[in-house]
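Here the sequence shown is numbered in the numbering used here, starting from 776 and rising by one per residue. Structure first, commentary second.
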Amino acid sequence: MNFFSSTFKLGILGGGQLGKMILNDTRKFDIYTSVLDASDEAPCKIACNEFHLGDLMDFDAVYNFGKHVDVLTFEIENVNTKALEALEKEGIKVYPSAKTLRTIQNKATQKLFYRDHDIPTADFSRFAYASEIIDAIHNGGLEFPFVWKSAQFGYDGTGVKIIRTEADLEGLPNVECIAEDMIPFKNELAVIVARNSKGEVATYPVVEMEFHPEANQVEYVICPARIDEKVAKKATEIALKVSQAFNHVGLLAVEMFQTKNDDILVNEVAPRPHNSGHHTIESSYTSQFEQHLRAILNLPLGKTDSKVGGIMVNLVGAEGYTGNVVYQNIENIMKMPGVTPHIYGKKQTRPFRKMGHVTIVNKDLSEARRIAEEVKNTIKVISE
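Structural data, given as structure tokens:
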């Protein structure tokens, strides 16, 4: 099939920043794109060929949109999978598949999938309702501390809470959830795996993630991870095993814990471009966004090596500011060597909302880390 400068149409479900960054590459290759999103102010709107308004969880909206494209992909997990299944039956190529997405959408199902496929992950208990947790604690079936996770619709630290006492259970939504053993880990790592439908596979170097203690959001992504080569090899092998188990097509970001004993446990996966791969735009031969396109269009996969050490800093809305966004001191960070800001195009900021990211590249990773800290302390995402 001719994808370039042709009548081929790629459909993207979701119009957020990940879609916007995919569109940089569809424009590079002149691939015609159609985007569906519920917001008229979606970041993708300015960069796609066609923009359609619609609720991604609504069967008819997704089904009717998907009927008019040749290949359908998504940049967010909250999508109606029944509509995707119906489209697959009618011969529309959906990558990653509806089956993969349905397993990943629900954290309980995702964890059971790892258990069934001998993929190492933290022990957990599954509850139909959060209210059942109290009984489990009183019966001795569950001990503090543990990590509570809503089975569905959690993202960026929402739907996740560390439970140390009964008081911490107050105010939890009474929904399907899991209680996961709290792992004393020394590192959070991620590996992005790309796979096309021919079965060709490529992995990016292991990255390490430094988290914000309060927001439970990634503050820095560091590539390559500052870990032993044996640990990196183990992490890559486990990520490949996960990808093989899903038999997925596209990108799969595998987030992992490195325990105190250097074991690797899978935390969760995302079947799309991911925050842990944003640095690849500047630091790699092939960005994760271009690689996603190559994978879903069954093209040869690009080289995943890093050209240079890369660190990514998330730009999130500062606390105490809501309204029209202002990127304070952005000129000051642009003076720094190897610093590239990416602004996502969201006009309104609010505390901890992801508004953009900054990549810092440097041959010396510790120098990149020093500059990243300076970037973090200089730029502020505030409102007018």
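Note that beta-carbon positions come from the ideal geometry of N, C-alpha and C, so glycine has one too.
Worksheet item: Got a sec, what are the start and stop residues for the beta strand (DSSP E) residue 964 sits in?
Response: 960–970
Item to complete: Report the residue ranges of all alpha helix (DSSP H) runs contained in full by the segment 868–932; include only those spanning at least 4 residues, in chain order.
Response: 873–880, 882–891, 907–913
Worksheet item: Can you tell me whether DSSP reads residue 940 as helix, strand or coil?
Response: coil
Worksheet item: Is the distance from the Cβ of residue 981 to the Cβ of residue 1054 below 9 Å?
Response: no
Worksheet item: My guess is that residue 928 and residue 1050 are in contact by the Cβ rule of under 8 Å, so how many angstroms apart are they, rounded?
Response: Going by Cβ atoms, the distance from residue 928 to residue 1050 rounds to 18 Å, so no, they are not a contact pair.
Fill in: As assigned by DSSP and simplified to three states, the class of residue 837
helix
Worksheet item: Measuring CA to CA, which of 1025, 779, 812 is closest to residue 1070?
Response: 1025
Discussion item. Across the segment 845–863 and the segment 992–1005, are there enough close Cβ pairs to call them in contact, namely three or more that are closer than 8 Å?
Written reply: no
Discussion item. Please state the DSSP three-state secondary structure of residue 801.
Written reply: helix
Discussion item. If you follow the alpha helix (DSSP H) that residue 1109 is in, where does it begin and where does it stop?
Written reply: 1105–1109
Discussion item. Comparing C-alpha positions only, which one of 1120, 889, 843, 880 sits nearest to residue 868?
Written reply: 843
Discussion item. Can you look up residue 1130 in the DSSP assignment and give me helix, strand or coil?
Written reply: strand
Practice prompt. Use the C-beta contact count for residue 1101: other C-beta atoms within 10 angstroms, 16 or more gives buried, fewer gives exposed.
Written response: exposed
Worksheet item: Comparing alpha-carbon positions, which option in 1008, 1124, 801 lies nearest residue 780?
Response: 801
Worksheet item: Counting Cβ pairs, one atom from each stretch, are 3 or more of them under 8 Å apart for the segment 1029–1044 and the segment 1052–1068?
Response: no
Fill in: Reference residue 862; option with closest CA among 786, 817, 916
786
Worksheet entry | Endpoints, the alpha helix (DSSP H) within which residue 1067 is located | 1063–1071
Discussion item. Does chain B have any CB closer than 9 Å to the CB of residue 1151?
Written reply: Considering every chain present, this structure includes no chain B. It has just one protein chain.
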